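Report on the following structure.
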Amino acid sequence: MRVQTSLDHPMLKWSTFFIGLLIMSLGIVMIIKADLGASPWDVLHIGLYKQIGLTIGTWSIIVGFFILFLSSFLLKRLPQIGAFLNMISVGIFIDMFMMVPFLVTPETFTGKIMMLLLGLLINGYGMGIYISAKVGAGPRDSLMLALTEISKWKVQYIRLGMEITVLTIGWLLGGPVFVGTLVYCVGIGYIAGFALPQCQKMHDGLKRKLDKAPVIEANHFSN
Numbered sequence: 036m037r038v039q040t041s042l043d044h045p046m047l048k049w050s051t052f053f054i055g056l057l058i059m060s061l062g063i064v065m066i067i068k069a070d071l072g073a074s075p076w077d078v079l080h081i082g083l084y085k086q087i088g089l090t091i092g093t094w095s096i097i098v099g100f101f102i103l104f105l106s107s108f109l110l111k112r113l114p115q116i117g118a119f120l121n122m123i124s125v126g127i128f129i130d131m132f133m134m135v136p137f138l139v140t141p142e143t144f145t146g147k148i149m150m151l152l153l154g155l156l157i158n159g160y161g162m163g164i165y166i167s168a169k170v171g172a173g174p175r176d177s178l179m180l181a182l183t184e185i186s187k188w189k190v191q192y193i194r195l196g197m198e199i200t201v202l203t204i205g206w207l208l209g210g211p212v213f214v215g216t217l218v219y220c221v222g223i224g225y226i227a228g229f230a231l232p233q234c235q236k237m238h239d240g241l242k243r244k245l246d247k248a249p250v251i252e253a254n255h256f257s258n
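If you're matching positions, the sequence shown starts at 36 in this note's numbering and goes up one per residue.
As structure tokens, this is what we get:
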């Protein structure tokens, strides 16, 4: 009997996916903790948290579930499993990082700016890593794709409309809108533009190395 003990591609794919979500969630929390304004969707999550309670991560999951349901209704098909895992994992990871004792708001404005920019960079590269696994778009991206497919409008117009809508609702609920919100809206696209191809190249390169690596096998009946 021969047992293959090499790392297979599904393990690489899902490890990349969850590591990316973990890193992306750290970036989200750093932006929130910088206290200079959050991303549009997190403005909504924080606004709901302030008005109703629960946790920011819980609202991320609840809003994500609603968005997935809406996307499925519009497209009349079920989303990929990666979208569900994205929704649940990011919410859990956000709450986990929110409780880390050394992740606190800096006392100086310079410190806050540095934390915001670092969080933005980490968020963008975490996004690039999880997307490189290609196991399904997150809830918000799923809705964007659904609205684009139905309306035939350009993706950038759909995305802009979504961001403005949730930002307005979140602001009315008391979510933090400040200079960091503008920095996020302007900067995340540029960072993602660099991060996505780099992370995809890294993931594909690792996969090629695994393809070329010798397979370690064990034969329990050999002497």
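For every residue, glycine included, the Cβ atom is placed at its ideal position computed from N, Cα and C. Please read all numbers here as calculations on a predicted model, not as lab measurements.
* Would you call the segment 88–105 and the segment 129–145 in contact, with 3 or more CB pairs under 8 angstroms? -> Pairwise C-beta distances place the segment 88–105 in contact with the segment 129–145, as three or more of them are shorter than 8 angstroms.
* **Which of helix, strand or coil DSSP assigns to Asp70** => Counted from its first residue, the sequence shown places residue 70 at position 35. Note: Asp70 maps to coil in three-state DSSP.
* Let me know if Phe52 comes out buried or exposed under the rule of 16 or more other beta-carbons within 10 Å of its beta-carbon. => Translated into the one-based positions of the sequence shown, residue 52 becomes position 17. Answer is buried; the Cβ neighbour count reaches 16.
* Evaluate Asp239 with the Cβ neighbour count: other Cβ atoms within 10 Å of its Cβ, from every protein chain shown; 16 or more gives buried, anything less gives exposed. => Reading the sequence shown from its first residue, position 204 is the one you call residue 239. Exposed, because fewer than 16 other Cβ atoms sit within 10 Å of the Cβ of Asp239.
* **Given 8 angstroms, three or more beta-carbon pairs between the segment 155–162 and the segment 104–113** => no
* **Contiguous alpha helix (DSSP H) assignments of at least 4 residues, all confined to the segment 63–149** => 75–87, 91–110, 116–133
* To do: Grab the span of the alpha helix (DSSP H) containing Leu208 for me, first residue to last.
  => Taking the sequence shown and counting its residues from 1, the one referred to as residue 208 is at position 173. Run containing Leu208: none; DSSP gives neither H nor E here.
* To do: Would you grab the beta carbon distance between Pro75 and Val221 for me? Rounded to a whole angstrom, and I think it's under 8 angstroms.
  => Locating residue 75 in the sequence shown gives position 40, where the first residue counts as 1. Locating residue 221 in the sequence shown gives position 186, where the first residue counts as 1. Not really, about 12 angstroms apart at Cβ, beyond 8 angstroms.
* Alpha carbon to alpha carbon, how far is Gly163 from Val125? -> Locating residue 163 in the sequence shown gives position 128, counting from the first residue. Locating residue 125 in the sequence shown gives position 90, counting from the first residue. Taking the straight line from one Cα to the other gives about 15 angstroms.
* To do: Give the secondary structure of Lys187 by DSSP, where H, G and I count as helix, E and B as strand, and everything else as coil.
  => Here residue 187 refers to the residue found at position 152 of the sequence shown. Three-state result, Lys187: coil.
* To do: Whole angstroms is fine: what's the gap from Ser50's alpha carbon to Gly117's?
  => For the purposes of this step, residue 50 is taken as residue 15 along the sequence shown, with counting starting at 1. For the purposes of this step, residue 117 is taken as residue 82 along the sequence shown, with counting starting at 1. Answer to the nearest angstrom: the Cα atoms are 12 angstroms apart.
* the segment 146–153 touching the segment 203–211, judged by at least three CB pairs closer than 8 angstroms -> For the pair of segments examined, the segment 146–153 was found not to touch the segment 203–211: the number of CB pairs separated by less than 8 angstroms stays below three.
* Asked: Quick one: what's got a C-beta closer than 6 angstroms to Lys68's C-beta in the same chain, skipping five residues either side?
  -> Position 33 of the sequence shown, counting from 1, holds the residue named residue 68. Same-chain partners within the cutoff: Leu138, Thr140.
* Asked: In terms of alpha-carbon separation, which member of Pro114, Lys111, Leu79, Leu113 lies closest to Ile97?
  -> As a position in the sequence shown, residue 97 is number 62, starting the count at 1. Comparing Cα positions, the closest option is Leu79.
* Below 8 angstroms CB to CB, which residues in the same chain sit around Val214 once its five sequence neighbours on both sides are set aside? => Working through the sequence shown from its first residue, we reach residue 214 at position 179. Within the same chain, Val214 has close Cβ partners Leu71, Gly72.
* In angstroms, rounded to a whole number, what distance separates the CA positions of Gly270 and Leu61? -> An answer regarding residue 270 cannot be provided, because it is not within the stretch 36 to 258 covered by the chain.
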